Structure formats: C-alpha cells, structure tokens
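Below is one structure; the comments refer to it alone.
There are 4 protein chains.
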Amino acid sequence: MTQKLRIAIIGAGRIGYVHAGSVNDTPNLELIYVVDPFEESARKVIADFGGKYSSDPVAVINSGEIDAVIIGSPTPTHIPLLREAINAGVHALCEKPLDLDIKKVDELRTLASSAKINITLGFNRRQDPQFKAVKRKVEEGQIGTIEQVIMTSRDPGPAPQSYIAVSGGIFRDMTIHDFDMARNFVPNIVEVSAFGANSFCDYIKEEGDFDNVSVVMKGANNEIITIINSRHSAYGYDQRIEVFGDKGMLQISNLGHSTVQLSNKDATASGEPYMDFFLERYAASYRNELKLFIEGIKQGKVLGSTYDDGRAALILADAAHESARTGKAVKVNLN
Amino acid sequence: MTQKLRIAIIGAGRIGYVHAGSVNDTPNLELIYVVDPFEESARKVIADFGGKYSSDPVAVINSGEIDAVIIGSPTPTHIPLLREAINAGVHALCEKPLDLDIKKVDELRTLASSAKINITLGFNRRQDPQFKAVKRKVEEGQIGTIEQVIMTSRDPGPAPQSYIAVSGGIFRDMTIHDFDMARNFVPNIVEVSAFGANSFCDYIKEEGDFDNVSVVMKGANNEIITIINSRHSAYGYDQRIEVFGDKGMLQISNLGHSTVQLSNKDATASGEPYMDFFLERYAASYRNELKLFIEGIKQGKVLGSTYDDGRAALILADAAHESARTGKAVKVNLN
Amino acid sequence: MTQKLRIAIIGAGRIGYVHAGSVNDTPNLELIYVVDPFEESARKVIADFGGKYSSDPVAVINSGEIDAVIIGSPTPTHIPLLREAINAGVHALCEKPLDLDIKKVDELRTLASSAKINITLGFNRRQDPQFKAVKRKVEEGQIGTIEQVIMTSRDPGPAPQSYIAVSGGIFRDMTIHDFDMARNFVPNIVEVSAFGANSFCDYIKEEGDFDNVSVVMKGANNEIITIINSRHSAYGYDQRIEVFGDKGMLQISNLGHSTVQLSNKDATASGEPYMDFFLERYAASYRNELKLFIEGIKQGKVLGSTYDDGRAALILADAAHESARTGKAVKVNLN
Amino acid sequence: MTQKLRIAIIGAGRIGYVHAGSVNDTPNLELIYVVDPFEESARKVIADFGGKYSSDPVAVINSGEIDAVIIGSPTPTHIPLLREAINAGVHALCEKPLDLDIKKVDELRTLASSAKINITLGFNRRQDPQFKAVKRKVEEGQIGTIEQVIMTSRDPGPAPQSYIAVSGGIFRDMTIHDFDMARNFVPNIVEVSAFGANSFCDYIKEEGDFDNVSVVMKGANNEIITIINSRHSAYGYDQRIEVFGDKGMLQISNLGHSTVQLSNKDATASGEPYMDFFLERYAASYRNELKLFIEGIKQGKVLGSTYDDGRAALILADAAHESARTGKAVKVNLN
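Chains as they are written, first to last, in my numbering: chain A, 23 to 357; chain B, 23 to 357; chain C, 23 to 357; chain D, 23 to 357.
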C-alpha cells in the first residue's frame, strides 16, 4: 500500500487554487491544510478540494501533519517559510520569485543547498509542453549550436497599481520568467543590457516602473538572448520563443482554444483568440510542475527548477533593472 | 453524500482500456466489472483501474451490481447486449457501429426508443474540442447558412486483413465517423453517391473492399457534403473539416504534439508529426463522451449521440456501399 | 535582326486587354490588330497598347498582315475562327472552352491535329506558379504515386444572369478549369460523377444551372479526383489544390496581396484579403501562357494546352452535366 | 512625344546588372553608359541591355550625354560621385551606405540639401510590397500607436573576408537596412544600444567584426525597436518584421518560391525554401525604387529615401558600433 504524501498549500489565491486542484487530481497525495490569512479564500479551496483551514503557515509547517508544502503566499514570505520548511524537514515547492532582495536569497543559499528536503522553484514555464518540445529538439541537435534566443512575452493587460507597487518592477516580476527560460537554453549568462519605456500606463510610470521593455543578454559561449516584454497586448496573452542555431531555427506559436480558422469578408484564415492568461495557457505546466516536485521527492533530487535557478533569475532581473536605469550593460556572475 | 454510479466495461481492448481510465478519473464512478473472453486483457485493465473480472457480459448486465455498461466488444454483440441492458434497466454507452446489418438495428429500434435507460452511441468525434469549436461557430452564425461541408479522414495505415474481413467495409467501419459528423452539421441527408478505388492495398481488394473513397451527399436544404477517405497516410492521421456557408468558411488543422516549427536546410516552418491515431488524437473526445453519458443519466436524457444517430450513420454507410458498387446515387430516408 | 511576330487580338474584353498588355511587354511581338464588334472596347486597348481597329475577325485572319491570333471572342466563335486560322496558316491561342458542343469540337479535330499552325488552348491555370510548383514536386517524386486529387474553386460572386444563360452551365464554364487541372495530374480519366445544388442564387436556378457542385472522377490508375465548386465566396476568390500520394501530400494556399498577418482584439493572425479574381490571381499565368505560345511557335510544337486538352475538358464537363442530372456515374473515353 | 531620360550606371556588379534590367524594362528610359573599371563586367551588362562602355565615371557624369546616374560603385566613391553629379546637374540614385565616415557625409550635406537635382538613396527595402503593406496598415491605424518594432534579418551566409574587411562592420553594412526600416516606422530615434557576438565565423572575428548582433533603440515617443541580425542562416534568407501597437500587432512571413506545403513521413506542412538572397527576395523593391526615382525627377522631389535618411542610418550604425564595443547605450541626434 502506497503511503499518501500529505500536503499543505500556503496562499489560497489563484495559483493556490490551481495547485489544490492538481493535488486533488494526483494519486497518493492528500491535501491536509489550506493556509491563508483570508479565511474566505481558503474556504473556497477547501470546499472544492478538501483540507483543513489554518491562518498560521509556520504552525502548519511545524505541525508534523504534513510532508510537503506548496508556498504560494506573497513574495516576502518565501524565504522565511522556506527556512521554516528546511528546519522542519518539510519538502517545499515555492513560487517565483524567491525574493526581491538578492541578499536575502544569498543568506539562505548555503542552508538551502545542504538541506535534505526537496526545494523546487515554481518556474512553471519550463514544464510547458510547447517550450519542452523546443528544448527536446535542441537537445536532439536539430538546430546545432544555439546562437540566438528570442523570447516574446506580453500580458493581456497590466496588473493593478497596488500590485505594481510591490512587484519589484517588471524585470523581477514579469521578465523573471523569461530570464529563467533563457537559462533553460543558455544556462551560463554573463552580461545583461536592458531598455525600458513608458508607453501607455501612467500608474506604472508613477511607480517608477516600465510598461514595455527589451533585454539583451550574452551567454558564456557567445549566445545572444533577446527578450521583448509588454504589460499589455490587444490580442491577448502572447508567449513565444525562437531558438536559432547554426543548423536551423525552432519557433512556437501562441495557443488558441482550437485550431479553427475563420475566413469571411473581413478576414482570411483568422485564428481563435489566444488563451487568456497564464492559468489557462500554462495549465499543463502547473500540473507538470507538481508532478516533477512529487517525483523529485521520491527520487531524492530536484527534477524541476532549483533554488539556484531562482537565484540566477533574480540576479539577471537585478542586472536588467540596473542597466535600464544606467544605460550600461551589466556583467553578472551566476555561480 | 453522492451515490457512486457502478460501471461495467465490456470489451477490454484499446478502447475499453481508455474508457476504464476515464471512469477512474471521473468522480463518483466506480468500475465494478471488466468483461472480456480474454482474461489476460481484462486483467490488464483491472490491474490499472480496479474492478472484478468476468467473461460473461449477459450475467454482468443482469447481476444487479451495476448501473451502467460501456459496450466496447465486437460489433455483432452490440445489439444483443443493448437488448439485455434495456431489459435489465442498465444504462448503456455503446461503441459504433450499432451493427453491420440495418435490419437488426431496426428490429431493436422501437424498444430502444421507448427504453427508460440512457442509450448513448460512441461517436466520440462530435465531442472533440476542435470539431465542437467549428459547430459552436456555425451555431453562432459566423458563416451564415451552411452550403458545403468537406471532410478529410485518412488513417495512418490500414487495419490487418483479419479486421478488414469482418469490418463491413470501409464505409461502415471508417467513413461511418464522417457520416455521423456530416449529420452533426447537416442532420437531414437525402442522397448519397460514392466512389471507391483500390490504389495500394492488395488484401483490402481481396476482401472486396476499397482503400480510397470519396463520398458526396446532398442535404435536404441543398447542402453538398463531400467526404475524402484513405486507409493510409504517409504523414500520419489526417482529420480535417471545412464548413462553407454563405457568409464565410471554417477550417480546422491537424494536431501535432506541439506547435513547434523547424526551419533548416531541407524545410521551412515544418510542423511536428501529427498525433498518431485516434486514441491519442481523440483522447479528449473519449473523456467528453463518457462525461456526457454520465451527465445524461443524471438529466434523464441522451446528451451525446443517440441510437437513431447510430442508425442514420449506418443507413448512409449502406447507401455509400451500394452507390460505390452500382455507380448510381442512392436516395435515403433517415426518419 | 529578329523578325517581329505580328499579332491580332480578337475580343477586346477583360482578357483581351490582359493579352494585349502581355503582347506589349514581350520583346519581338507587334500588336497589329485589335478586333471587336464594339469599337469602343477595341479603341481602349489600342490607346494603351497600339494596333489598328477592325470589326471583322475573318478579314483580319486572312489579311496576310498577321502571323498569330489570340482568340478571346465569345465561345461560339472559337471553332469557326480556329478553322479560319488553320486555313490561313495563322497560329492561334484560343480561350477556353473550345465550344459548348462536343460535336463541333470533334468536327474540327482532324483538321486541327494535322494543321501546321500552332493551336494553343487558354487553360492558363496550368501556367500558374503555384500549381506549377505542385506539378514539379509530383514529378520529382516527392509524394510517390498519386492516389487522390482534391480541388477547391470558388468564385467571389456569380456572373450575371445574361452570362449564365449562355455559359453552357457551371461544369462547362467554371469547372472546366478544374477538369483541365485534374488532367494536369491524372491525364487519363475514365469515369465522372457529379452533384449539383441550388443553394443561394435564384436566377442560376431559373437558368436550369447549379450554384454549388461537387464532382468525383476516377482515373485509369484508380486515382480519385474530387472537385468542389461554388459560384460565390464571402472571403474572396478561393483556389486550392491538394494532391495526395502514397508517400505524402502537397497543398497550396490562397494568395493575399501580402503575407501580413494582423492580430487584434477581434482576430489573431488573420491574413490579407485574397486576390480578387482571376485577372489578378492568375496574372502571371496569362503572361506565361502567351510566352509558351510564342515559344511553341518558334519550336514548332504546342508547349501549353493542346486542342485535345480542350476537347477532353469538355467531355468531362459534359459527363458531369449528365451525371448531376441523372444521378448516375458516367464513363468517359478521352482518346 | 515624351523625351527619354538618359541614364548612366556606375558599377556593373550584381546590383548594377539589376538596375540595368529595370532601366531596360521602364518606358522612356535610355541606358547610355555602363561604367566600371572592369570592362568585362560592364560588357556583360551592355550585351544584355545596351549602352556604351566607359571606365571613367567623372567623365560620364560631366559628358552632357546623361540626365541621371545610378551609383552602384564601391562605398568610398559615393560621396565624391554625388558631388560630381550635383555640380553637373545630373540626378543621382545612390546605393547605401552613403559612406562609412559620417564626417564625409556631413561635409556634403549642405550642398546636397540645396541641390536642384534629385538625390535618392538606395534603401530598397522600404519599397518591398511586404514591408509597404505593413506600413500602410500602420498608417490606416490598424494597430493604433506603435510601441515596439522587432526586425529579424539573417543572411544566408557571410560575405567573403575581403568584403568584410572593407565593409565598415556589420552595423554599417548589414544592419543599416534595419536602421533605415526602423526609421520607416519610428523616424525619430534617440538612443541606441547594441550587443555583438562572434559565434561561428573566425575571419569575421579576425577583422574585428561580429557575426551575430542584437540592437535595441528608443524612439522619441518611447517606442522600443529591437533588431536581430545574423551573418548566416541555415534555412536561407530571413527577413521579418513585427510591429506592435496598443491596438494590435502586424507581422510578415518569409517568402518561398510558392505557397506549396509538403507533408510526408519526415515533416508536416513544410514550406518551400525561402528566396535565396536580396536580389531575388527584393526584386520588386529594386524595380519600385527606380520607379520612384524616375517619378521623383518628374515631380521635382525625392519620393524614395533621402540623403538625410542615408545620414540617419549611418549615425545609428555608428552608435551601435560604439555601443557594442563600450557596453553603453549611446544617445543620438538625427536632426
């Protein structure tokens, strides 16, 4: 008889709800606790997927009732809760970013690297079937040696000002996914240059942040990585990558709800609207991420993104933040 | 507390295995029996999804231990087992075709239409998200009045001779899905003309069957439906539809494993191989089909394909069979 | 010094104008006469491309002033004018169809086949770069042996009733291009089955003609050819072909004015409107057709479509006409 | 009677040959001189399109026998020959770049701006039908206000070392087309940041130049322009643009020789190889460029790219050259 893995979810927001659903769908997992200061949010998750309510994540981590914790609470709680989990011997799947302050990330680094628990970072995009297909083809040698990577990520619309205010800026909040994806193809990045603009959103400007950015980075083997971001997109969530090697190029398309194309007097062969946002577009990624976390616990190693992946993405984001404000390329060391 | 619906699966082949997996994934269903003359096949299903073994479908249907039966055994058993299910008051999801002999289908028709149980036919393709998206857009009026429907279905490769020998011919075995899909858009079809050819497969010819066919049908409102089939396809499973109306046209594409496109010295923007065959391509359809069957039981009506849908498809197949052999268009009455 | 080839154009309508432009652009051709009963039409051509006016095609053909004639006058004049050209020793490029009456075509056949002049038929579509690319790839063996050919041709909108009345019916007027294209891939066609419908146009019905048709034909080597036509198309001129062989499939797309794709709140990746109609879509074809005619005169053989190609297309059109009215497949002999 | 415009072509290389062909195809132009130090090259042009040979461009410009000159000789000759043309009152279509040294460009600037002759710069890409379609749709407001422009240009393979050595570097030689295209959409660019890499070509590195580059620029209205270049491309000449505005996005595709797609056991829906290189891909652009030059002479104004367009592109190239070497964004003033 398989022992069930006992799970707590900390943070009952949108992503917490998704994770709870994945836990529910995965054999041999049991949702024990749903933790959130807002009881109503937690109760909604519990109603659909079970578990007990708590408002105290530290108590839950140390309760002895759980084997693993999924940390989806606000960013400033990530490092302290990871520390609790390490000390309590509880495996942790932690949402990105680790923190907005690289110093805090570095402080926990030694402890995290020697911890016996499994710490997996929530860079779900690496687990998306589309991006994984690109990765697999690169690994199969279909395009030879990587020379250029171009990523385009545009959100349907900007987050509210209250969110922007505490987001750490577009590079640490949004581009961080692209930084991690960059390292999925070019792990060792050595230099970062970034440009930011304020094109359309006054309150983003008020917060001292950008609404459109372009980042160029150099890899240790002379790869050039280019990232194009926007905080809005009239045609919906835009998520593309192009990997260019000496033997060819790989590209992915955005995903609509179906492949149906309509031709009429106004348009020819026009596609369906794109999947609206990350919870829909990356539904499979979230499931895969949890699956890898659980499988990693069994195998005793991290199969998804590591703590150091989370640290590397933040270093790149910090460098971009600095470069966009100074106009100078910033050298980085990800080791 | 919700009462669990108790299920038996008759036929433990590939489709039976898929249904068992869907039953396993669906809340409030319990797999009680897996029935197959070959115990080994049944045991494989049981090992993965539970249930008890039986070699006797009639006994299982009448055991009082089940509420619903999924009939995936060979075609000649469909009508007799449906009769048993009706008499036993057991709901039935029955694979296509109902039978190869329209007389047997007609004999059970009155009983089937007055039965209190839910009889749902396994025309899974109607439940495929791609085809459903086309249907929804037609219903939304995006292309106005339907004038033409063109369907292309090509299998990756021919079934073995032993299967062809008892298949009832390509129209009753393979095109029958397209006949049903035709009625999904044009329910009332009045005339059928068919052409068959023997292009590549000697043993299909030996069996008096065709390997490539083209069917043209007329709807009651002057719609023209064209079906193109092949028993093989070098580039994999080909499943497309084009619906043409007075205000526009809708088309779907084949599905690859991802949207990745590769450009290299030999090819530009070439897509992934298509999903290999129906169990993979229509995985979502099978799940949706079961879901509709269960939901229909709750609502007390058939939400998927009906017995009469199964009968209509067979009438069209018979007409095509005749037309391809006589060179004459055949008028049909689906009422 | 190269001798200029002296040309007369008979028929100063839209196609005549196009041909006059091509003559003008081609080195070593001289436009001597533009012939049309409506002097105004002819004068418009002459104003742009030169030449003298005449209302008498027979006189022009026999004037001794010309080496070649382009016959773009109404269909009933084609056979008589070809006869004049043969007798006068004047090369002839004749628009399709040869005639609406196969008997008249057959009457001239012997004379045409033994004539010393070059008689080229205006099936321009064979000279279209898109269709030629498909043909070339088939000849290179890229898809192995042809098993199926599927053609879709839809006009932007129906011709006026006056034209329909004398058109000879959709099969002889519109589908005839597809019949010729079918023979471009499967020269020897042995059986024809056709379906016609009256879906949207009252005056086409009044004239005893169809507005939507589907034709299925069998080739001598068991190829199945399917043609789908409509006299209207909400999204513009639709011209596609799919050739399916035992080793693969070739397809072409419709041509927009550019490859630009627009994504906005209403549509994703929608293409440009298609080129409006045949004079625009097949502009290159018309030029290539004239070029082949001229080159054929030099080489002393027909490089484009032959008189017998014109005859074969008409035989197929007649068979479709009959089949659509009788519901019976019609056997044909194209020899 | 229209007076013919008398033309001299200086430089009988590949582009000179293309221009000679366009001159030959354009009514009311007469090719008087073909000038090249290598008589053999010039004789080849003359054989096909006429004209007299000279090895002395200055003598030809001042001969009184010509009205306009097309300057396609090596870059260092451009400024001196433009000066001669201005002084001689001879219209000039000059290939890009104006010079590799912005000082020389600035020295002639006053004279050029006050010259009575038509000076048109050979930025042919602006005249390409694909890029023009994007421009027109932007002007029609289809995507609202431009926020981002992304250009991808990859050559099939690197030029020989001898060419690289005198090219002025990738930014002044290759990216200069993208700089001009950037200004086609965002005329006023204020800041340039560039990254260069040496990924694959040793002799390019030997010459102190890059083989892969990425450039990011800022427009005066907060537009971000991103350029991605490579000196090689396994799948052929890659020429794309994406323009992103607040109401939508426009994209173009690469051009194959046809739209034919092949599906077989190795690939699905794979396109034709792309047009090989600029003379083929931009054939229409070169014709349009000459047409605009001639039409501009008639209208007394520059309809194509101006001297100042040429100067602006060089300023941007210089800034990119500097930025890629210093790691600092460079502010520019294009006025």
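Where is the CB? At the ideal position from N, CA and C, for every residue including glycine. Fair warning: this is a prediction, and the values are worked out from it, not measured in the lab.
- Residue environment: Y257 (chain D) is assigned as buried (16 or more neighbouring CB atoms within 10 Å of its CB, all protein chains considered).
- Taking a Cβ-Cβ threshold of 7 Å, none of the residues of chain D is close to Q183 (chain C); the smallest such distance is about 35 Å.
- The C-alpha of G293 (chain C) lies about 12 Å from the C-alpha of M271 (chain D).
- At the C-beta level, D177 (chain D) and R253 (chain D) come within 8 Å of one another.
- Check the Cα spacing between T328 (chain B) and each of B:F71, B:I54, B:I68 and B:L104: the tightest is with B:L104.
- Neighbours of S292 (chain C) in chain A, taken as residues at a C-beta separation under 7 Å, are given in chain order as A289, T290, A291 and S292.
- Inside the stretch 39–127 of chain A, DSSP marks whole beta strand (DSSP E) runs of 3 or more residues at positions 51–57, 74–76, 90–93 and 113–117, from first to last along the chain.
- Annotation: E317 (chain D) to H113 (chain D) spans about 12 Å, alpha carbon to alpha carbon.
- Under the Cβ distance rule, P295 (chain A) counts among the residues neighbouring chain C, one pair being separated by less than 8 Å.
- Closer than 9 Å at the C-beta level to chain A, one finds no residue of the stretch 64–88 of chain D.
- At least one CB of chain A lies nearer than 8 Å to the CB of E169 (chain D).
- With respect to the C-alpha of S44 (chain B), the residue from B:S307, B:K353, B:N357 and B:G86 having the closest C-alpha is B:S307.
- Shown here for T174 (chain C): same chain residues with a beta carbon closer than 7 Å to its own, the five before and five after excluded, namely I250, D260 and R262 in chain order.
- From the beta-carbon of S252 (chain C), the residues of chain B found nearer than 8 Å are E169, Q170 and F266.
- Residue range Y329 to T348 is occupied by the alpha helix (DSSP H) that includes R347 (chain B).
- Burial check for F217 (chain B): the Cβ neighbour count within 10 Å reaches 16 or more, so the residue is buried.
- Taking the C-beta atoms as reference points, D202 (chain D) is found no nearer than 8 Å to D298 (chain D).
- Non-local beta-carbon contacts of V282 (chain B) in its own chain, meaning distances under 8 Å to residues more than five positions away in sequence, involve G293 and E294 in chain order.
- Scanning chain A for C-beta atoms nearer than 9 Å to the C-beta of L284 (chain B) yields K159, Q164, I165, G270, M271, L272 and Q273, reported in chain order.
- With a 10 Å radius around the Cβ and a threshold of 16 neighbouring Cβ atoms, S135 (chain C) comes out exposed.
- Here the stretch 27–39 of chain B lies against the stretch 51–70 of chain B, with 3 or more beta-carbon pairs under 8 Å apart.
- For Y257 (chain D), the closest Cβ of chain A is nearer than 8 Å.
- For I186 (chain D), no beta strand (DSSP E) run applies; the uninterrupted alpha helix (DSSP H) run containing it begins and ends at Q183 to V188, by DSSP.
- Distance from the CA of T290 (chain A) to the CA of A110 (chain D), rounded to the nearest whole angstrom, comes to 52 Å.
- CA-CA distance, H279 (chain C) to F153 (chain D), rounds to 12 Å.
- Straight-line measurement puts the Cα of V214 (chain B) at about 12 Å from the Cα of A335 (chain B).
- Secondary structure at Y296 (chain C): strand, using DSSP grouped into helix, strand and coil.
- Distances from the alpha-carbon of K320 (chain C) to those of C:T248, C:I124, C:N50 and C:G86 put C:N50 closest.
- In chain order, I31 and G94 place their CB closer than 6 Å to the CB of G38 (chain A), counting only its own chain and leaving out the 5 sequence neighbours on each side.
- For G86 (chain D) against T167 (chain D), the beta-carbon gap comes to about 51 Å, at or over 8 Å, which does not count as contact.
- In the three-state reduction of the DSSP assignment, T248 (chain C) falls in the strand class.
- The beta carbon of I101 (chain A) sits closer than 8 Å to the beta carbons of L120, D121, K126, V127, E129 and L130 from its chain, once the five residues preceding and following it are set aside; these are given in chain order.
- Between V67 (chain C) and A90 (chain C), the gap from beta carbon to beta carbon reaches 8 Å or more.
- Beta bridge pairing from DSSP links L284 (chain C) with C:S292 and D:L272.
- With 16 or more other Cβ atoms inside 10 Å of its own Cβ, Q170 (chain D) counts as buried.
- DSSP, reduced to helix, strand and coil, places Q25 (chain C) outside both helices and strands of the structure shown, so it counts as coil.
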